[in-house]
Structure formats: C-alpha cells, structure tokens
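Be aware that the sequence shown starts at 1, since it is given in UniProt numbering, and climbs by one per residue.
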Amino acid sequence: MQRKSLTRDECPIARSLERVGEWWSILIMRDALQGLRRFDEFSRSLGIAPNMLTRRLNALVEAGMLERRAYSERPPRHEYVPTAKGEDFRMVLMSLVAWGNRHYAEEGASVELVERETGRPVQPMFANAEGRVVPLDQCVLQAGPAASAGMRERLALLDAKP
Numbered sequence: 001m002q003r004k005s006l007t008r009d010e011c012p013i014a015r016s017l018e019r020v021g022e023w024w025s026i027l028i029m030r031d032a033l034q035g036l037r038r039f040d041e042f043s044r045s046l047g048i049a050p051n052m053l054t055r056r057l058n059a060l061v062e063a064g065m066l067e068r069r070a071y072s073e074r075p076p077r078h079e080y081v082p083t084a085k086g087e088d089f090r091m092v093l094m095s096l097v098a099w100g101n102r103h104y105a106e107e108g109a110s111v112e113l114v115e116r117e118t119g120r121p122v123q124p125m126f127a128n129a130e131g132r133v134v135p136l137d138q139c140v141l142q143a144g145p146a147a148s149a150g151m152r153e154r155l156a157l158l159d160a161k162p
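Structure below.
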C-alpha cells in the first residue's frame, strides 16, 4: 500500500508534515541549524543508516529546506546548508524545545532557549504585526484568502464550538 501524499492538502500543517514530518528529517534540520553540514557529521550525530540519511537529505533538498553545495571534486563531496526556508524552521524547533521541556522533561530541561545577553529563559510567543504579544487564548484560526468552501465550513464549525 502506498502512503497518501499530503502535498495537495489544503491544511498548512498537513503540507508541512509532508516535507518534514518524518522524525529523521526534523533531527537532520536540528543538526543543520546547529551548524552541522557534512554527511559524516550528520551520520555521527544521529547514528542513522547511510541509505536513510541519503534519502532524508535528498528529500530536504527537494523540499527547499537544505541546499547541497560541493566542497570537494575529488572525491565528489557535498555539504548541506539550510536555505531561508530551512532557517524559518528554527521557530518550529524552538517551539518543540519549549513543549518538550514542559511536558517530557521530568528530570529537568537538558536544553533551554535563553536570551544571549542575559541568559534568562525565553518562551515562544505570538505577536501581532506591531510586535505586541498576543496570548494564545486570544488567537483564533480563520479562513485565509485561498480557503476553499470546505475549509471555510470546517473553520466555522470550529469557531462555533464552546
């Protein structure tokens, strides 16, 4: 049985998961955003089988998250550098850090996101266009300009729930 593709799904979560929902991909992006670039660095860090690492790196390049750059011609070798799209994924990873620390770090946080200057912990937040923090309970999903009638109906049903 072939896995269903979510690339045409209207939901932005589903579309995103199609590109990076596999856990190896997320861990590769974590390492790339922390400065790892070469195949052997990813392999050492993750303990992933070479064939799986090759597939995941190729998929991340194809998704536009990483750029493959040659650093040696003999033998041919490449490094993998986050693109602007890949850099934007950093916010997703930092949200996972905060969520994981809150719910799955019974022994205490092993990694924290802190303000560089003060060392004080920070949390992911929502802000409006002017930069004012907006609490999550004051936010709601709404249909965007490209929403189908089905998506508009789905969101209207969610909005109607108490």
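Virtual Cβ for every residue (Gly too), placed ideally from N, Cα, C.
All values reported here derive from a predicted model rather than from experimental measurement.
- Taken atom to atom, the span from the alpha-carbon of Asp31 to that of Pro135 is near 30 Å.
- Residue pairing for His78: DSSP places it in a beta bridge opposite Ala70.
- A residue is called buried when at least 16 other Cβ atoms come within 10 angstroms of its Cβ; Val81 does not meet this threshold and is exposed.
- As the crow flies, the alpha-carbon of Glu153 is around 30 Å from that of Asp88.
- In this structure, the straight-line span from the alpha carbon of Ala14 to that of Gly21 is close to 9 Å.
- Put simply, the backbone Cα of Leu93 is about 20 Å away from that of Val133.
- Under the DSSP assignment, Thr54 falls in the alpha helix (DSSP H) whose first and last residues are 50 to 62.
- Boundaries of the alpha helix (DSSP H) harbouring Phe42: 39 to 46, taken from the DSSP string.
- Secondary structure at Ala105: coil, using DSSP grouped into helix, strand and coil.
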